[in-house]
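All remarks here apply to the structure that follows.
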Amino acid sequence: MDPQFENQSMELEENEEEDTEQLKAQEENNEEETSKKLSPPEVNTIFDSETEVYEYYRQYGIQNGFGIMIRNTRKIEGVNTYMTVACHRYGEPNQKAPDSLKPKPVVKTNCKARLCAKRMDEDDKWRVTQFDNEHNHNLSPSKAYRFRCNRKLTNHAKRSLNLFDEAGIPMNKSYNALVVEHGGHENMTFSKKDCENYMRTIRRLRLAEGDAVALQNYFNKAQSIDSKFYYSMDLDDENRIKNLFWADARCRAAYKEFGDVVTFDTTYLTNKYDMPFAPFVGVNHHGQSILLGCGLISNEDTPTFIWLFETWLTCMSGYPPNAIITDQDRAMQNAIEKVFPNARHRWCLWHIMKKIPEKLKGYKEYDSIKFELQNIVYDSIEVDTFELGWSSMISNYNLKDNDWLNRLYDGRHKWVPCFVKDCFWAGMSTTQRSESMNAFFDGYVNAKTSLREFVGKYDNALKDKVEKEVHADTRSLSTTIPCVTPHVIEKQFQENYTNDKFKEFQKEMINLMYCECMMLDSDEVIFNYQVEEIQYVGDSQMRRTIKYNVCFIKEVGDEYDVKCGCRLFEFRGIICRHIIKVLLFKQNVFTMSSKYILRRWRKNVKRIHSRTKVTYSTWKDSEEKRMYDMVCDAFYRIVDLATQKIERCNSLVDTFKKLELEWDNNDECISKKISVDKQTSKSEGKKSKNSDSSLSIHSPIKKRCKGRPPTRRKQSKVDTVVKCLKKKVRYYHALIF
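Residue numbering for the sequence shown follows my numbering, beginning at 862 and increasing consecutively.
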């Protein structure tokens, strides 16, 4: 016989044997499944309880492909004595459609399939009295798990949804995460709609007592846990919330370290009442934004800002900031002049420069005006240079009648860099610090967020901010950025400053190569130098040379005082390259005086706010949640051990099954006892009315703040026009295509 043919014959025989074995195995499985199938419930069948009747018929429906519902029940003295469990398509269809051109799907088909059962008086068991199994619609066992009666949110799913909601994760992503965890949609015992309904109920329960009352209770709870938590509510004549301010212990401690310079911004909508979020934001030792208290306000007038600023000042023990950055709001300016009369007030430069297209676009020479205006604002080192450039621009382009430019010039000491660089601003030039803090809350809040929800979401968002600061602290203490030069001065700042601030100083060291220094005049004490710096414009090869004057003054011993015309140290707290050039190459000073190494940027300082315990989550933890977390922690630890060996897995599963059976039986006994107690007990008294005489507080009235559109950010006319043009383009494209 041909060997090849012999091999093929052997393969065919082996395949036939495998097919035979598979058929036998399939027949055995079919026999096993048949033995497990539920038989139709017959009349006079006895069940232990009405729950058992319902559950048996529900499982029978899953097996045969239909859903069920409790059609009706009868009670005697509050106890169920009769029930009808019917097919979910039982009953007459609703023919009265509100819109005959858009009829809705009809579930009811007048199906008569049902099961009736009656409670037996002698032993409280239930007996089937009627069973109809004729359906007038198609049955689908593979789709049975999608029927409402078979959908149920597990406790684990509820817990996961709560966690996702607190973290600001959208519902579609939360549901997809649960689908992946369950191994696909076919293994889900609930739908996305079930999840949405559950979260809607939970949010409604959170606010069952009213938005304002819930908020007050929340703050009281926070204050009982954190004695340094501070809050204040401003109420109107009807006891409605007008304005709100709060700050936790960490914010108050951080203010003692970083409260010298703050930004304040109110252009962010956060809640369903259109109350702008008003954060007080500073800069920490890493250059990160840090929250120093925040408010929600209903109006943007002078009295409202005065209330908010005075409340914040009281919270911070009466110590006002040295400098504050805001937008050009007149009401805000009036309040600052009254509450912080000695504070340096600066307007946000970014907001002003962003308005250039809106205010100047109509001029024929707009591009030239814009270019010259930007050069005058950003490149004027001295006040005289700015004055000369501004006067020339107004004259050359005939802008003397432009009201916007005239108002800017009148307030130039509040926004032009050369006028404000004599004050320490911690590197902040705009309210974008506040805006970045606002953006940080995106994803946690939206236009429908209630007050109580917002404060809870605020906690979750702030936890992430705190974690980023802790991470930066750890990075600065455990890692070192190498020096790029052999100079001792760089080594000094490497050892003292946080990594982020040392990087800023290191840039100044690197840019020494673009600086040349020459002496102008001197005596035995005062030395005047001129430092020429070559600066490249953008990514191009164009370059320009800018001259800075540096004054070095010798003092007693090795001490000295040095100042530069760029005023980087006065403005940002970082020594500039021009001063370093003079110290190293003209004065032979190789170590930096300690007064130029600011405590604010040091990494080895023990700050109070960093040791203040963060306790946000404990304010809202329920006893059930804590028990759930405790069990889950223990469960995950033992699962990690069990999955190492199959024997451990089997043992753990068996243990769980025993516990489940034992606890189910106990719960059933307890529920029966409670049911009996309810039937036999009588009311011994009436609940007393709430005798609390405290003030009843009401939620604020939704209102539109001045000029604010129903969006999160204020928008200029240019932004509005651009959006309109985009809509028109989309409309024309739709017509064409």
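Ideal Cβ positions, reconstructed from N, Cα and C, are used throughout, including at glycine.
Given residue i as reference, the closest of the options once Cα atoms are compared
i, options, result
"D1419", "V1386, E1393 and N1016", "V1386"
"N971", "H998, T1516, D982 and T934", "H998"
"L1444", "L1459, K1424, R1428 and R1433", "K1424"
"G1272", "Q1194, K1013 and T1335", "Q1194"
"R1111", "K1089, M1379, D1098 and N1104", "K1089"
"D1162", "I1197, Q1149, S1455 and R932", "I1197"
"K1362", "F1315, N1321 and F1430", "F1430"
"A1128", "F1119, E1118, A1139 and G1120", "The amino acid occupying residue 1128 in the given sequence is Thr; Ala does not appear at that position. The option with the nearest alpha carbon to T1128 is A1139."
"Y1603", "R1205, S1290 and R935", "Residue 1603 lies beyond the range of the chain shown here (862 to 1598); nothing can be said about it."
"S1178", "A1108, K1220 and M1254", "A1108"
"H1017", "C1284, V1327, V1040 and Y1270", "V1040"
"K1004", "N1048, L1022 and V989", "N1048"
"T1165", "L1513, P1182, D1190 and N1267", "D1190"
DSSP three-state assignment for residue i, whether helix, strand or coil
i, result
"Y1006", "helix"
"R1591", "Bear in mind that the predicted position of R1591 carries a pLDDT of just 45, short of 50, making it unreliable; the figure below should be weighed with that in mind. Residue state, collapsed to three classes: helix."
"T1187", "strand"
"R1012", "coil"
"T1062", "helix"
"G1546", "Interpretation of G1546 is limited by its pLDDT of 31, a score under 50 that renders its predicted location unreliable; no figure is taken from the coordinates."
"D1109", "coil"
"W1276", "coil"
"N1132", "Note that N1132 scores a pLDDT of 48, beneath 50, so its modelled location is shaky; the value from the coordinates is reported in the next line. Correct three-state label for N1132: coil."
"W1480", "Confidence in W1480 is poor, its pLDDT being 45 and thus under 50, which makes the residue's placement unreliable; the coordinate value appears in the next sentence. Correct three-state label for W1480: helix."
"Q991", "strand"
"P1218", "helix"
"R1428", "coil"
"K1089", "coil"
"F1247", "helix"
"G1154", "strand"
"P1164", "helix"
"T1459", "Thr is not the amino acid found at residue 1459; the sequence shown has Leu there. Three-state DSSP puts L1459 in coil, outside helix and strand."
"H1206", "strand"
"T970", "coil"
"R1020", "helix"
"I1414", "strand"
"N955", "coil"
"K965", "coil"
"N1037", "helix"
"M1193", "helix"
"V940", "strand"
"G1044", "coil"
Whether residue i touches residue j by CB criterion (8 Å)
i, j, result
"C1279", "F1247", "yes"
"L1502", "R1509", "yes"
"C1376", "E1351", "no"
"A1287", "V1417", "no"
"S1383", "Y1421", "no"
"V1277", "R1207", "no"
"E1171", "V1142", "no"
"L1381", "I1441", "no"
"C1427", "I1237", "no"
"Y921", "R980", "no"
"H1439", "V1398", "no"
"T1473", "A1114", "yes"
"R1468", "E1042", "no"
"I1167", "T1124", "no"
"A1073", "I1102", "yes"
"I1230", "Y1270", "no"
Expected contact under 8 Å - CB spacing of residue i and residue j to nearest Å
i, j, result
"S807", "G926", "Here the chain comprises residues numbered 862 to 1598, so residue 807 is not present and cannot be evaluated."
"C1176", "Y1079", "Not a contact, Cβ separation roughly 18 Å."
"N1100", "S1159", "That belief does not hold up - the Cβ atoms of N1100 and S1159 are roughly 14 Å apart, past 8 Å."
"W1462", "T1359", "6 Å"
"H1332", "F1451", "Not quite, the Cβ-Cβ distance comes to about 34 Å (not below 8 Å), so this is no contact."
"A978", "V914", "5 Å"
"D1635", "D1126", "Absent from the structure is residue 1635, since the part of the chain shown begins at 862 and ends at 1598."
"I929", "C1010", "5 Å"
"R1020", "Y1489", "6 Å"
"Y1227", "L1221", "6 Å"
"N933", "E911", "Not really, about 13 Å apart at Cβ, beyond 8 Å."
"L976", "Y1059", "About 29 Å separates the two Cβ atoms, so there is no contact after all."
> Are the region 1432-1439 and the region 1358-1374 touching, with three or more C-beta to C-beta distances below 8 Å?
Replying inline: Here the region 1432-1439 lies against the region 1358-1374, with 3 or more beta-carbon pairs under 8 Å apart.
> Three or more beta-carbon pairs under 8 Å between the region 1153-1163 and the region 1334-1346, yes or no?
Replying inline: Fewer than three beta-carbon pairs drawn from the region 1153-1163 and the region 1334-1346 are found closer than 8 Å, and the two stretches are therefore not classed as touching.
>> Can you confirm whether the region 1012-1030 touches the region 944-953 when touching is taken to mean that 3 or more C-beta pairs between the two stretches lie within less than 8 Å?
In response: Contact fails: fewer than three Cβ-Cβ distances are below 8 Å.
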